[in-house]
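First residue of the sequence shown: 0, per numbering that gives the first Met the number 0; consecutive thereafter.
Structure first, then comments.
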Amino acid sequence: MKKINQILLLVIAVVAVACSGEPSLQKYYVENQENENFVVLDVPSSLFLGDNSGLSEEDQKVIRSIRKANVLVLPVNNNNQDIYQEEKATMETILKDEKYKVLMRFGSSGKNVKVMYLGEEDAIDEVIVYANDDTKGFAVARLLGDDMNFAAIMKLMRSAAKGDVDVNLDVLEGFGKELNEKSKKTKDSIEVKVEI
């Protein structure tokens with residue numbers, strides 16, 4: 000009987016931890032994937048990283064450590080000001096959790112960007128970029144991978160900016176169109192242009 004009680008207690012503890020009401024970025028992302036107010040992009044790295052066989056072994060290792068990118072955008076317009084403020088507050092509450100470590104933050108004139116990560120400095124599992132602008136909306140981008148190194152990713156991004164890394168931006172074409180459509184819900188709304 001004592002053994003059954005211990006097993007039952009263990010099962011209850013596991014269920015309680017697994018079902019905790021604590022918000023997480025992953026849970027928020029999943030809950031809002033079908034929400035018509037949001038624009039969502041979920042892309043495996045194989046679609047946006049082309050043939051990079053000419054890169055150094057170090058850069059190729061960084062590319063292999065990236066699994067996929069998720070982007071969730073809530074464009075603001077005249078019809079969703081209240082929703083925007085509520086969702087922005089929810090997102091900022093989630094990102095205040097100490098498990099999200101801030102790498103850098105910058106902003107001015109109501110525009111803010113935070114770059115955070117999950118994991119250890121030399122073995123990052125997720126890089127998160129959160130940007131908000133009360134006139135345009137907010138976006139959260141997640142770069143998911145295994146044991147990513149932030150310094151190596153930044154170096155790779157600089158190489159991509161110079162054109163040294165084969166990045167396929169065609170996958171973003173439909174995303175930009177959808178973002179423009181959702182930001183123009185009324186003719187009086189603020190127009191957001193995304194050109195790819």
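Every residue, glycine too, gets a C-beta built ideally from N, C-alpha and C.
This one's a predicted model, so the numbers in the text were calculated from it and none came from an experiment.
With a 10 Å radius around its C-beta and 16 neighbouring C-beta atoms as the bar for buried, classify P74 as buried or exposed. As a working mapping, residue 74 is identified with position 75 in the sequence shown. Buried.
Is it the case that the Cβ atoms of M147 and S64 are separated by a distance below 8 angstroms? Taking the sequence shown and counting its residues from 1, the one referred to as residue 147 is at position 148. Taking the sequence shown and counting its residues from 1, the one referred to as residue 64 is at position 65. In this structure, S64 lies closer than 8 angstroms to M147 by Cβ.
Do you know offhand how far E57's Cα is from F149's? Numbered from 1 along the sequence shown, position 58 holds the residue referred to as residue 57. Numbered from 1 along the sequence shown, position 150 holds the residue referred to as residue 149. Each residue's Cα considered, the two are about 13 angstroms apart.
Counterpart residues of K110 in DSSP-defined beta bridges: Position 111 of the sequence shown, counting from 1, holds the residue named residue 110. Paired residue(s): S107 and D132.
Less than 7 angstroms between C-beta atoms, sequence neighbours within five positions excluded: which residues of the same chain meet that for N31? Stepping through the sequence shown from its first residue, residue 31 is reached at position 32. So the qualifying residues of the chain are F37 and L71.
Runs of beta strand (DSSP E) wholly within the segment 27-99 (minimum 3 residues, chain order): 38-43 and 65-74
Residues that I123 bridges to, as DSSP identifies them: Here residue 123 refers to the residue found at position 124 when the sequence shown is read from its first residue. DSSP output for I123 lists G118 and M147 as bridge partner(s).
Please confirm whether L117 and Y129 have their CB atoms less than 8 angstroms apart. In the sequence shown, counting from the first residue as 1, residue 117 sits at position 118. In the sequence shown, counting from the first residue as 1, residue 129 sits at position 130. Contact: no.
Once the 5 residues before and after Y28 are set aside, which same chain residues still bring their CB inside 7 angstroms of it? As a position in the sequence shown, residue 28 is number 29, starting the count at 1. Cβ within range, chain order: N69 and L71.
Taking just the CA atoms, how far does P22 sit from D133? Position 134 of the sequence shown, counted from the start, is the residue given in the question as residue 133. Position 23 of the sequence shown, counted from the start, is the residue given in the question as residue 22. Distance between the alpha carbons of D133 and P22 is about 23 angstroms.
Using the C-alpha atoms, what's the distance from K135 back to A88? Against the sequence shown, residue 88 aligns to sequence position 89. Against the sequence shown, residue 135 aligns to sequence position 136. Rounded to whole angstroms, A88 to K135 spans 15 angstroms at the Cα level.
How close, in whole Å, do the beta carbons of L24 and I127 come, if the pair is a contact with beta carbons under 8 angstroms? Start at 1 with the first residue of the sequence shown, and residue 24 comes out as number 25. Start at 1 with the first residue of the sequence shown, and residue 127 comes out as number 128. The pair is a contact, with the Cβ atoms about 7 angstroms apart (cut-off 8 angstroms).
Quick check: the Cα distance between R66 and N79, rounded to an integer number of angstroms? Indexing the sequence shown from 1 puts residue 66 at position 67. Indexing the sequence shown from 1 puts residue 79 at position 80. One C-alpha to the other measures close to 33 angstroms.
For the putative contact between M90 and V139, defined by C-beta atoms under 8 angstroms, what is the C-beta separation to the nearest angstrom? Counted from its first residue, the sequence shown places residue 90 at position 91. Counted from its first residue, the sequence shown places residue 139 at position 140. Their Cβ separation, rounded to whole angstroms, is 6 angstroms, which keeps M90 and V139 in contact under 8 angstroms.
Is the beta carbon of G109 less than 8 angstroms from the beta carbon of D124? Taking the sequence shown and counting its residues from 1, one reaches residue 109 at position 110. Taking the sequence shown and counting its residues from 1, one reaches residue 124 at position 125. The answer is no: Cβ separation not under 8 angstroms.
Could you give the distance in angstroms between the alpha-carbon of K60 and the alpha-carbon of S158? Numbered from its first residue, the sequence shown carries residue 60 at position 61. Numbered from its first residue, the sequence shown carries residue 158 at position 159. Their backbone Cα atoms lie some 14 angstroms apart in a straight line.
Beta-bridge partners of V142, as assigned by DSSP: The residue given as residue 142 occupies position 143 in the sequence shown. In the sequence under discussion, the amino acid at residue 142 is Leu, which differs from the Val named in the question. L142 pairs with A68 and V126.
Would you say L117 touches the ligand PLP, meaning its beta carbon is less than 7 angstroms from a heavy atom? As presented, the structure is devoid of all ligands, the ligand PLP included, so that no description of it is given.
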